[in-house]
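In this text, residue positions in the sequence shown follow UniProt numbering: the first is 1, and each later residue adds one.
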Amino acid sequence: MSLLAEQRREVIVERVRAHGAVRVSELAEHLGVSEMTVRRDLDVLARRRLVDKVHGGATVIGDHTTTEPGFSAKAVREPAEKEAIAAAAAALVEPGAAVGLSAGTTTWRLAHRIARIPRLTVVTNSLAVAEALHTGGAESVGSTVILTGGVRTPSEALVGPVAIAALRSLNLEIVFLGVHGMSAAAGFSTPNMTERDTNRALVDAGRQLVVVADHTKWGTVGISTIAELGEADVLVTDSGLADVDRAVLDGEVDRVIVAGPEET
């Protein structure tokens with residue numbers, strides 16, 4: 001019986017590594033076992049540091065500064081926290097504004113929130129963000145969505161010289177930036193150096209920078225810094241951030257918004 005369990009767990013690890021993220025329901029169907037059995041297997045694998053267990057499934061472990069999880073892998077991480085952050089960030093957007101949204105699963109959730117705000121001009125280098133605005137009805141309320149060109153990354157971003165050239169010609173009122181990590185030493189960072197240059201161009205195009213990052217991003221460091229902590233005018237995070245870490249951010253960022261459960 002234990003051999004069968006170990007074989008099953010090997011299959012789980014292989015599927016997580018192949019797809020970046022898998023759901024409990026998908027694994028249960030594939031393996032022909034109950035979802036409870038899969039959850040127990042994920043507990044074992046998470047303790048062994050072979051996978052990261054998240055709400056509803058598991059994702060690959062990304063501990064390295066150059067590891068870039070795919071969009072689907074990141075989308076299942078901290079969903080409630082990201083929804084809370086998106087709700088709080090959407091309150092900063094006024095009708096008629098020129099807005100920039102970087103790629104990311106938190107900015108993707110924000111896109112759904114602002115799709116019905118009228119007369120926006122939204123510039124993004126994210127295929128997922130552009131689709132969220134389109135399906136959310138942005139055009140029906142008189143908004144314009146501009147998608148930059150570029151080379152596609154695992155996080156569904158369009159990056160490179162084409163995207164950078166497009167962004168450098170723009171003047172935006174507010175830019176929302178999703179990040180891979182944030183720390184006192186490295187600032188806001190990404191594991192993708194090409195994506196860093198594109199995000200930097202987006203930051204430079206905006207008069208106000210709002211970083212949207214859940215508490216798990218604190219202490220994570222990507223290989224390339226997009227911006228120093230002090231460059232953010234606003235940081236929107238969630239209530240999972242430790243008080244000591246909040247104190248560091250309060251000392252660097254003009255305004256820190258902590259989105260609680262009431263924002264969901």
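Beta carbons: idealized from backbone N, C-alpha and C, even for Gly. Predicted model, so just to flag it, every value in this text is computed and none were measured.
Of the residues the options, the one placed nearest residue i, counting alpha carbons only
i, options, result
"E156", "L167, A128, V162 and T148", "A128"
"G178", "R48, R15 and L235", "L235"
"I164", "A138, R47 and D204", "D204"
"G187", "I117, G104, D41 and L249", "L249"
"G222", "T190, T198 and T216", "T190"
"R8", "R17, A18, H30 and A21", "H30"
"I85", "T216, G251 and L229", "T216"
"N192", "T153, I257 and T124", "T153"
"A201", "T135, E139, T124 and A130", "T124"
"E10", "E26, G136 and D41", "D41"
"A5", "G32, A21 and A90", "G32"
"A90", "V210, A130, R47 and G251", "V210"
"A21", "K53, R47 and D43", "K53"
Which of helix, strand or coil DSSP assigns to residue i
i, result
"R116", "coil"
"T190", "strand"
"V16", "helix"
"E131", "helix"
"V33", "coil"
"T65", "Interpretation of T65 is limited by its pLDDT of 49, a score under 50 that renders its predicted location unreliable; the figure taken from the coordinates is listed afterwards. The answer is coil: DSSP assigns T65 none of H, G, I, E or B."
"V253", "coil"
"E26", "helix"
"T216", "helix"
"G230", "helix"
"L92", "coil"
"A138", "coil"
"L241", "coil"
"I146", "strand"
"A97", "coil"
"V258", "strand"
"V248", "helix"
Beta-bridge pairing of residue i - partner residues as DSSP gives them
i, result
"K53", "A58"
"R152", "L158"
"D197", "Partner(s): none; D197 has no beta bridge."
"R47", "DSSP output for R47 lists no bridge partner at all."
"S126", "A157"
"Q208", "I174"
"S183", "G187"
"T107", "None; T107 has no bridge partner."
"L42", "In the DSSP output, where bridge partners are listed per residue, L42 has none listed."
"V236", "V212 and I257"
"S169", "DSSP output for S169 lists no bridge partner at all."
8 angstroms Cβ cutoff met for residue i and residue j
i, j, result
"D233", "R255", "yes"
"I174", "V99", "yes"
"residue 266", "A88", "Since the displayed the chain opens at 1 and closes at 264, residue 266 lies outside it and no answer follows."
"P95", "R116", "no"
"I114", "V141", "no"
"S169", "R196", "no"
"A184", "L241", "no"
"L172", "G206", "yes"
Proximal residues to residue i (C-beta, below 6 angstroms), its chain only, five neighbours per side dropped
i, result
"A132", "W108, A111 and H112"
"T121", "A98 and T144"
"E81", "D214 and D238"
"R166", "The sequence shown places Ala at residue 166, rather than the Arg named in the question. So the qualifying residues of the chain are T148."
"residue 298", "Past the edges of the chain, shown from 1 to 264, lies residue 298, and the structure says nothing about it."
"A138", "A115 and V145"
Own chain, CB closer than 8 angstroms to residue i, minus 5 neighbours either side, in chain order
i, result
"V13", "L45, L50 and V51"
"D63", "Bear in mind that the predicted position of D63 carries a pLDDT of just 49, short of 50, making it too unreliable to give a figure here."
"R17", "V60"
"T194", "V151, T153, V159 and G160"
"A28", "S34, E35, T37 and V38"
Sequence-distant residues of its chain with Cβ nearer than 7 angstroms to residue i (five each side left out)
i, result
"V24", "E35, V38, R39, G56 and G57"
"L3", "Unreliable placement is indicated for L3, whose pLDDT of 48 sits below 50; the coordinate value is still reported in the next sentence. Closer than 7 angstroms at the Cβ level, and outside the excluded window around L3, lies no residue."
"N199", "S102, L177, T190 and I226"
"D245", "W218"
"M1", "Note on M1: pLDDT 39, under 50, position unreliable in the model; the coordinate value appears next. Taken in chain order, the list of residues that qualify is empty."
"P79", "H55"
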